[in-house]
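**Q** I'd like to ask you about the structure that follows.
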Amino acid sequence: MSSIPYIPAIEVPLPADNYLTAGNSLKSWLLTKDHKRIAILYLIGITFFFFIGGIAATVIRIELLTPKRDFVSAEAYNRMFTIHGVVMVFLYLIPSIPATMGNFLVPLMIGARDLAFPRMNLASWYLFIGGGIFTTLAIILGGVDTGWTFYTPYSSVYSQTNVVLTVIGIFIAGFSSIFTGLNFIVTMHTMRCPGMWWSRMPLFCWSIYATSVIMLLATPVLAMTAVLLLIERAFNVPIFDPARGGDPVLFQHLFWFYSHPAVYIMVLPGMGVISELVACFARKRIYGYGLVAASSIAIAAISFLVWGHHMFVSGMSTYGGLIFSFLSFFVAVPSAIKVVNWIATLHKGSIVFTTPMLYAIAFIGLFVIGGLTGLFLATLATDVHLTDTYFIVAHFHYIMVGGTVTAFMGGIHFWFPKMFGRRYPEWAGRIAAGFIFFGFNLTFFPQFLLGYLGMPRRYAGYPEEFQVLNILSTAGASILAIGYLMPLVYLLWSMKYGKPAGPNPWLAMGMEWTVSSPPPAHNFHKVPVCREEAYAYFDMTPQGGNGPILKKLPGPGQKLERTEWSGT
Amino acid sequence: MNTKFRLLPDSASNFAGDVDKLTLFLTVVSVIITLVVCGLIAFFAIKYRRRHVDDMPPREEPGRWTEILWSAVLFVLLMVMFFWGAEIYMRMKRPAPNATEINVTAKRWMWKIQHPSGQREINELHIPVGQPVKLTMISEDVIHSFSVPAFRIKQDVIPGSYSTQWFTPTKVGEYHLFCQEYCGTLHSDMIGRVVVMEEKDYQAWLAGVSVNVTPVEEGAKLFATYGCLTCHGQNAPSLAGLFGRQQKLDDGSTVLADEEYLRESIINPAAKVVAGYGRLMPSFRAQLSDEQVSALVSYIKTLGAAKSDEPGQANSAAPATQPVNGVPPNSVPNLPPAAQPPGVWPQPSGEN
Amino acid sequence: MVIPMSEVHTAVDKDTFPASQFEDAEQQYVTATLGMWSFLITEIMFIGAVFAAFFVYRFRWHEAFVHGAEELKWMLGTINTVVLLTSSYTMVLAVHAARHGAQKALVRWLVLTFILGCAFVAIKGTEYHIEYKEHLVPGLNYTEISHTGEVRPVQMKLFMGFYFAMTAVHALHMLVGLAVLGALIVFAKRGSFTAAYNNPIDMFGLYWHFVDLVWVFLFPTLYLLRH
């Protein structure tokens, strides 16, 4: 690997004093207030739920190999797609990047010793696990069959499954998300180190900030919606039951008031990760930094105004449809700004194709497809035809899996050396990235065609003419599954046997790279001072511009020194 | 039904061509943008790949005008999409005046359909080609969605209120009818077919299905059974010519007397009370099924015939006093549950 | 209010204050305040959602909702409003005392706030009890015919559902508040709060006023909208 022009050949032992060695007992982990350890706890939790959701997806794809309902019963199939949706959305995607990388990196990136409220941070993990336990219990006790959208009156009156347990689980997990968001907002407002102005914050922090605003403002609405649903089920108050005065469509309004912004809870942090990766591996400041930061906030703001585009055929008024469609197009502008500026950052960059960068490039491509197909769904006439078909399924998987999960994988591969102090085998990372990219497209691209043909989502069986495309999709899913299992194996192996990484294996800018890998328990030994803007790659050598940075690379046992930071 | 593999659906309604054209436009725009993005990434990735470990690109500041320019172009494109889509959508929402009115009742897990001439069918809809059809739909339990991909139409069917959908089939054939809103265990079995026939085949089909009673006749019968005329036309507003006009309410507002208004006034009379009248009418929620309400609404819609007097006048002539189907209105046994003292709510049945 | 000098505490526990993640007391105070306000914004969205749903139905089922409001005990509601507003006043005095390090006054006002809070909950409980006897509680004993033999409108059950949901969410906030208040009283007695460090009292004050404010909106919405 030494010939590859990006990984400096350095041999540094792991620092003896780091957050991982700060205590080995189970208690030292379960009662920790260290944001980095809590991030690791979250990482374990969401990985577990990712594979639970993945198992459900596997059953779905096997069932859909044939037109007839033959692998599982209709009851089982409905439970499977509900489990897949609930677990993936509420227990994987929403906490994924914010609660793991956000938790780990935000204090390091802004030069703080911890988040503002460490105890609340730990409490939020326990709430997450509590929500997960309720949901798991609901699955073990027979599952739930309402779909992750819980549309009334099916969920409130008709379903005979464990709706109550699941909704309680979501309610609890929701508070975990609120506390996480609150913690980030307050931390970024009051805990930035001297010199770390808002205009110098890494774009990852900006996107986490925007995400946190959504968590804080939208999640409580979901919580109250859950309470109303529980009241209807438990106390027989006809809140959403039209037979006795309720309005089932009101539920959809309340639900999407949260769940549309929730899509941005999932994808905004991903965009933040991509900004970090592109800047590092093109060695350039993100083109139009201010605009990219502002676009995160703009997306968060607009996300509250467009929930009705999920309801064009729900019986909402025609004018409601027109307004929501019109507003929905406005989300496209800040999203496009991000994509264009990432590409512009590549222009005249110094680009290398490390594993994280492969994920970053994959993200941009998949997100573009996901975003453009969103236009089909924001446009009224085409949405009428496409909504609730596999087109929707393909579209949101391009955003949530092609976007968020890809960014998650990219981020994990980028910061893995920081988190665990060791490197993973680069070749394995690249192969897995290839499997994921190819498998993903093969799984979900045929579903756009299925959707336009009219195949409804949540169908356990389907007309014969849809079979060919479904087989392609299932074939892709098998490749995708291999792609997701591979990192699990080599990353776990690398945690113990990987080569020590040194503090800054990628030669990246950013305060998190100035501390040892893994970072010390209290992050910084003295208060760091920020003296430059974000992504100052052009400043990386004293000469500026094209100075030979090799001369500045650390020798064995040294760490990369840069005078700009006074940290550590 | 063509069950062979294919990539594009049939296009068999007045909307299908329009939606397909719009989709083509969107697809072309999307493909161009995707190709440009992927092309640029690939080009930059190769051209600007790092050759030496110390390659260090110069600083580059964004050109403000390029950002504004491409944003403006994008915005124009987006607005074209919006207005194009909205235009078709508005047409989808305005039924043709001469449309055949068909009642659809959704129920887990079947579609119950009744033609204006009384024929009933389940999970099948037979219609003549070229003739506009308007569906008035209601669900008996959960939310369903009436979707015919070949027609590019879809409308959720909601319990407790009507939703409507119209289209003109343009091509003879058999097409899928799907329930597109998840409705429980056998959601994927809530499918059927729409059979579009030549007019003469359709007439032959109609003739071959036995008819007991048309919706209007059934409605007339119910109208008599429940003694609606005891009040309407006397101390309650006349129903003659009501359908389709603007009705003044006691809170000063006006409402269009459409199907949904008629239905609401039967189920929940207190919600919108006609100006000048008290809250006298009891709810018929407990007495009438959704299909019976639909029949009543169908009947009340025909009362426009006796529209000789000015609309809005309260005590106009009472319509339809002739016996219908041989049942004189006042000779029905068990007469009216409606004859309760004013202001008293009817006894609800079967809950708590 | 005059604080006698003898009561002023200034000692600070160096081990726990400021907490290890903060540089100084001011940063900790600003952080705590911002955190509390953020939490209250979340709470507003939480309560706001049920208010929104309530008003949707109130417009739709106007008559039944008016009927429902007339069944509520407005007299008890009024008394409770007064009790709660008074408790907000005593809470303000407690915060004032804490800022001046007046420990005895602090304990006194906190205890008074606690008593008023308990009174509110007790009156609310009485109200619930009366409503239970009148068969107004959906899910337990709601009946379509009132104890006086009058037939209730169908959608009145919806109103009562909202009434219990909204007041119970509020009462739950009261109970949580009382539990925290109890703990604060214990700490205050031990002398944990000083003129330099009284963030918890300050933050709890914000919370208490918020819960009070929610009631100020709940009371007219549920009890007084009778037309």
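Residue numbers (this note's numbering), protein chains in the order written: chain L, 1 to 568; chain W, 569 to 920; chain B, 921 to 1147. A virtual CB, placed ideally from N, CA and C, is assigned to each residue, including glycine.
1) Can you tell me whether F611/W is buried or exposed? The criterion is at least 16 other CB atoms within 10 Å of its CB, across all chains shown.
2) If you follow the beta strand (DSSP E) that K675/W is in, where does it begin and where does it stop?
3) Report buried or exposed for L141/L, applying the criterion of at least 16 other Cβ atoms within 10 angstroms of its Cβ.
4) Where do the N-terminal and C-terminal ends of the beta strand (DSSP E) with F679/W fall, by residue?
5) Taking only the alpha-carbon atoms, compute the straight-line gap between K499/L and W506/L and give it to the nearest angstrom.
6) With DSSP as the reference, please indicate the residues paired to Y743/W in a beta bridge.
7) How many angstroms separate the CA atom of N1061/B from the CA atom of F1139/B?
8) Quick one: is P520/L near chain B, going by C-beta distance under 7 angstroms?
9) From Q855/W to N78/L, what distance separates their C-alpha atoms?
10) Under a CB-based cut-off of 7 angstroms, is H260/L close to chain B?
11) By alpha-carbon positions, which one of R37/L, V12/L, F240/L ends up nearest to T21/L?
12) Within the continuous beta strand (DSSP E) that includes L954/B, where are the two ends?
13) Below 8 angstroms on the Cβ atoms is my contact criterion, and I expect P118/L with D241/L to pass it. Report the Cβ-Cβ distance as a whole number of Å.
14) So which residues on chain B does R283/L lean against when the C-beta distance must stay under 7 angstroms?
15) Less than 7 angstroms separating the beta-carbons of L216/L and A282/L?
16) Roughly how many whole angstroms lie between the Cα atoms of I1050/B and R244/L?
17) Which residues of the stretch 233-244 of chain L have a Cβ closer than 8 angstroms to any Cβ of chain B? Give them in chain order.
18) Once you ignore the five residues that flank L1101/B on each side, which residues in its own chain have a CB closer than 6 angstroms to its CB?
19) Quick one: grab the DSSP three-state call for L30/L.
20) So is E963/B in contact with chain C if we call contact Cβ pairs under 7 angstroms?
21) Please state the DSSP three-state secondary structure of N18/L.
22) What are the boundary residues of the beta strand (DSSP E) that includes V716/W?
23) Strictly under 7 angstroms for the Cβ-Cβ distance: is H220/L near chain B by that measure?
24) For A433/L versus Y657/W, is the C-beta distance shorter than 7 angstroms?
25) Closer than 7 angstroms by C-beta to F396/L: which residues in its own chain qualify, once you throw out the five before and the five after it? Chain order, please.
26) How big is the Cα-Cα spacing for Q814/W and L848/W?
27) Does the beta carbon of E1167/B come closer than 7 angstroms to any beta carbon on chain W?
28) For G820/W, count neighbouring C-beta atoms within 10 Å of its own C-beta (all shown protein chains included) and say buried if the count is 16 or more, exposed if not.
29) So with CB distances below 7 angstroms, who are the chain L contacts of G653/W?
30) Three-state secondary structure (DSSP) at L375/L?
31) Counting only beta-carbon atoms, is V823/W nearer than 7 angstroms to chain L?
32) How long is the line joining the alpha carbons of F134/L and Y92/L, rounded to whole angstroms?
33) By alpha-carbon positions, which one of Y462/L, A428/L, L491/L, S478/L ends up nearest to T443/L?
34) Would you report the Cα separation of R618/W and F367/L, rounded to the nearest angstrom?
35) I'd like to know whether the C-beta of M409/L is nearer than 7 angstroms to at least one C-beta of chain B.
36) Any C-beta of chain W sitting closer than 7 angstroms to the C-beta of V278/L?
**A** So, from the data block:
1) With fewer than 16 other CB atoms across the displayed protein chains lying within 10 angstroms of its CB, F611/W is exposed.
2) Counting along the chain, the beta strand (DSSP E) containing K675/W begins and ends at 668-675.
3) L141/L should be labelled exposed.
4) Per the sequence shown, the amino acid found at residue 679/W is Trp instead of Phe. Element bounds for W679/W: 678-682.
5) Taking the straight line from one Cα to the other gives about 14 angstroms.
6) BP columns for Y743/W point to V762/W.
7) Annotation: N1061/B to F1139/B spans about 24 angstroms, alpha carbon to alpha carbon.
8) With 7 angstroms as the cut-off, P520/L does not count as an interface residue toward chain B.
9) Inter-residue distance for Q855/W and N78/L is about 35 angstroms (C-alpha atoms, whole angstroms).
10) Proximity of H260/L to chain B, defined by a Cβ-Cβ separation below 7 angstroms, is not satisfied.
11) Ranking R37/L, V12/L, F240/L by Cα distance to T21/L puts R37/L first.
12) Element bounds for L954/B: not the beta strand (DSSP E) but the alpha helix (DSSP H), 945-980.
13) Distance from P118/L to D241/L at the Cβ level is roughly 44 angstroms; contact not present, criterion being Cβ atoms closer than 8 angstroms.
14) The premise fails here: R283/L is roughly 33 angstroms from chain B at the closest Cβ pair, so nothing lies under 7 angstroms.
15) No, these two residues do not count as a Cβ contact at 7 angstroms.
16) The C-alpha of I1050/B lies about 25 angstroms from the C-alpha of R244/L.
17) Of all residues in the stretch 233-244 of chain L, A234, F235, N236, V237, P238, I239, R244 have a Cβ within less than 8 angstroms of some Cβ in chain B.
18) If we look at L1101/B and ignore the five residues flanking it on each side, its Cβ neighbours are F1034.
19) L30/L: helix per DSSP, three-state reduction.
20) Judged by its chain identifiers, the structure shown contains no chain C, and its protein chains are L, W and B.
21) Coil at N18/L, not helix or strand.
22) Per DSSP, V716/W belongs to the beta strand (DSSP E) from 712-716.
23) According to the sequence as given, residue 220/L is Pro; it is not His. Contacts with chain B at 7 angstroms (Cβ-Cβ) include P220/L.
24) Against a cut-off of 7 angstroms, the Cβ pair of Y657/W and A433/L comes out as no contact.
25) Around F396/L: no qualifying Cβ.
26) The C-alpha of Q814/W lies about 21 angstroms from the C-alpha of L848/W.
27) With chain B represented from 921 up to 1147, any question about residue 1167/B goes unanswered, as that position is not in the structure.
28) Only exposed fits G820/W, as fewer than 16 other CB atoms lie within 10 angstroms of its CB.
29) What G653/W touches in chain L: S325, T379, L380, A381, T382.
30) DSSP, read as helix, strand or coil, puts L375/L in helix.
31) Interface flag for V823/W against chain L is unset, since no Cβ pair is found closer than 7 angstroms.
32) Cα to Cα, the separation comes out at about 15 angstroms.
33) Nearest of Y462/L, A428/L, L491/L, S478/L to T443/L, Cα basis: S478/L.
34) Separation of R618/W and F367/L (C-alpha to C-alpha, rounded to the nearest whole angstrom) is 25 angstroms.
35) Interface flag for M409/L against chain B is unset, since no Cβ pair is found closer than 7 angstroms.
36) False, the Cβ-Cβ gap to chain W never drops below 7 angstroms.
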